[in-house]
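Colleague:
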Amino acid sequence: MSRKIRIGALISGGGTNLQAIIDACETGNINGEVVFVGSDRAEAPGLERATRHGIPSFSVDYRAIIRRLKADPTSMSPPAGFDMGEVLSRQTIFAPVEGERAKGFFLSRAIAEAELLERMNRYEFDLLALAGFMRTLTPYFIDRVNRDSDLPRIINIHPSLLPAFPGTDGYGDTFRYGCKIGGCTVHFIDYGEDTGPIIGQRSFPITSEDTLESVREKGLAEEWELYPECIRLFAENRLEFAATEYTRSDGRRVRRTIVNIRNTSA
Ligand code: GAR
Numbered sequence: 138m139s140r141k142i143r144i145g146a147l148i149s150g151g152g153t154n155l156q157a158i159i160d161a162c163e164t165g166n167i168n169g170e171v172v173f174v175g176s177d178r179a180e181a182p183g184l185e186r187a188t189r190h191g192i193p194s195f196s197v198d199y200r201a202i203i204r205r206l207k208a209d210p211t212s213m214s215p216p217a218g219f220d221m222g223e224v225l226s227r228q229t230i231f232a233p234v235e236g237e238r239a240k241g242f243f244l245s246r247a248i249a250e251a252e253l254l255e256r257m258n259r260y261e262f263d264l265l266a267l268a269g270f271m272r273t274l275t276p277y278f279i280d281r282v283n284r285d286s287d288l289p290r291i292i293n294i295h296p297s298l299l300p301a302f303p304g305t306d307g308y309g310d311t312f313r314y315g316c317k318i319g320g321c322t323v324h325f326i327d328y329g330e331d332t333g334p335i336i337g338q339r340s341f342p343i344t345s346e347d348t349l350e351s352v353r354e355k356g357l358a359e360e361w362e363l364y365p366e367c368i369r370l371f372a373e374n375r376l377e378f379a380a381t382e383y384t385r386s387d388g389r390r391v392r393r394t395i396v397n398i399r400n401t402s403a
């Protein structure tokens with residue numbers, strides 16, 4: 138039996154994935170309800186979708202925070218409980234040599250995230266779904282949402298077949314590389330850039346008739362089915378984590394958490 142889950146969503150843009158999730162909840166395809174929609178931009182067109190469905194929404198102006206800190210790094214203090222050393226030791230986005238750049242990045246993001254958390258925590262939620270949220274989340278935020286580190290509860294949809302083409306333009310990078318297959322991935326968030334445990338993937342062919350625009354269209358059509366499907370698996374408690382360790386073909390030792398999908402609910 139699946140439990141009714143409360144879903145929080147974060148968006149930055151048009152929110153078509155958010156719409157797919159709301160629709161799946163309304164039709165009963167997901168036993169769940171979207172309880173808030175947050176954004177890093179007050180102008181995100183997707184926020185209107187929340188309003189249309191009577192879902193509370195809010196935004197945190199990331200751009201203003203980043204701009205203010207760039208102009209004067211002493212103008213804002215880190216949020217309570219923020220520990221730069223701890224964040225730097227957990228994150229896997231920046232290389233150690235990028236220390237100074239990383240510090241500026243994490244400070245501004247954590248200040249924005251503290252505001253985001255304050256808004257989000259007004260609601261009870263079981264799952265946080267990133268639906269085209271174009272901001273990197275720091276360990277400061279991730280650890281405050283995943284109160285139990287063994288039970289991650291932030292998921293993301295990414296427009297490529299990960300681990301290929303992480304970053305901000307998955308379909309563009311896939312198309313320009315000359316790939317003949319494109320795809321999308323739903324995964325849990327970890328401390329890296331699009332590196333977390335994969336829940337589901339969909340693929341589609343790319344032919345010589347395709348343009349970047351048509352690749353995006355094909356990809357989004359897959360996303361709108363894949364994301365609700367993966368959220369349904371989460372709601373049905375069918376996602377199981379397994380710790381794996383193996384040696385890659387290049388000799389590197391890899392430790393990784395993977396997701397197995399159970400046939401029936403636990
Ligand atoms: C989607 O293609 C999603 O995969 C991508 O942004 C788009 C949002 O569309 N997300 C990322 O690139 C995350 N790194 P939407 O606002 O219409 O759902």
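For the sequence shown, our numbering assigns the number 138 to the initial residue and increments by one for each residue that follows.
Virtual Cβ for every residue (Gly too), placed ideally from N, Cα, C.
Please read all numbers here as calculations on a predicted model, not as lab measurements.
#1: Look at the Cβ atom of Ala157, then the Cβ atom of Tyr308, and state whether they are nearer than 7 Å.
#2: Touch check for the segment 169-185 and the segment 381-393: three-plus C-beta pairs under 8 Å?
#3: Excluding the 5 residues flanking Arg390 on each side, which residues of the same chain have their C-beta closer than 6 Å to its C-beta?
#4: Taking only the alpha-carbon atoms, compute the straight-line gap between Arg246 and Thr275 and give it to the nearest angstrom.
#5: With the cut-off set at 7 Å, would you say Ile318 and Ser297 are in Cβ contact?
#6: Measuring CB to CB, does Ile159 end up less than 7 Å from Val171?
#7: Measuring straight from C-alpha to C-alpha, what distance separates Pro233 and Lys240?
#8: Return the CA-CA distance between Val224 and Glu346, expressed in angstroms with no decimal places.
#9: Please report how far the alpha carbon of Ile343 lies from the alpha carbon of Leu288, in whole angstroms.
#10: Looking at the unbroken alpha helix (DSSP H) that takes in Phe312, where does it start and where does it end?
Modeller: Judging by the given coordinates:
#1: Translated into the one-based positions of the sequence shown, residue 157 becomes position 20. Translated into the one-based positions of the sequence shown, residue 308 becomes position 171. No, Cβ-Cβ distance for Ala157 and Tyr308 is not below 7 Å.
#2: no
#3: In the sequence shown, the residue the question calls residue 390 occupies position 253. Excluding sequence neighbours, Arg390 sits near Thr384.
#4: Within the sequence shown, the letter at position 109 stands for residue 246. Within the sequence shown, the letter at position 138 stands for residue 275. In a straight line, the C-alpha of Arg246 is about 7 Å away from that of Thr275.
#5: For the purposes of this step, residue 318 is taken as residue 181 along the sequence shown, with counting starting at 1. For the purposes of this step, residue 297 is taken as residue 160 along the sequence shown, with counting starting at 1. Not a contact, by the Cβ cut-off of 7 Å.
#6: Numbered from its first residue, the sequence shown carries residue 159 at position 22. Numbered from its first residue, the sequence shown carries residue 171 at position 34. In this structure, Val171 lies closer than 7 Å to Ile159 by Cβ.
#7: Numbered from its first residue, the sequence shown carries residue 233 at position 96. Numbered from its first residue, the sequence shown carries residue 240 at position 103. For Pro233 and Lys240, the distance between alpha carbons rounds to 11 Å.
#8: Taking the first residue of the sequence shown as position 1, residue 224 is located at position 87. Taking the first residue of the sequence shown as position 1, residue 346 is located at position 209. Straight-line Cα distance between these residues: approximately 45 Å.
#9: The count along the sequence shown starts at 1 and reaches residue 343 at position 206. The count along the sequence shown starts at 1 and reaches residue 288 at position 151. Spanning the two alpha carbons is a distance of roughly 36 Å.
#10: Residue mapping note: residue 312 aligns to position 175 of the sequence shown, counting from 1. From DSSP, the alpha helix (DSSP H) with Phe312 extends over Gly307 to Tyr314.
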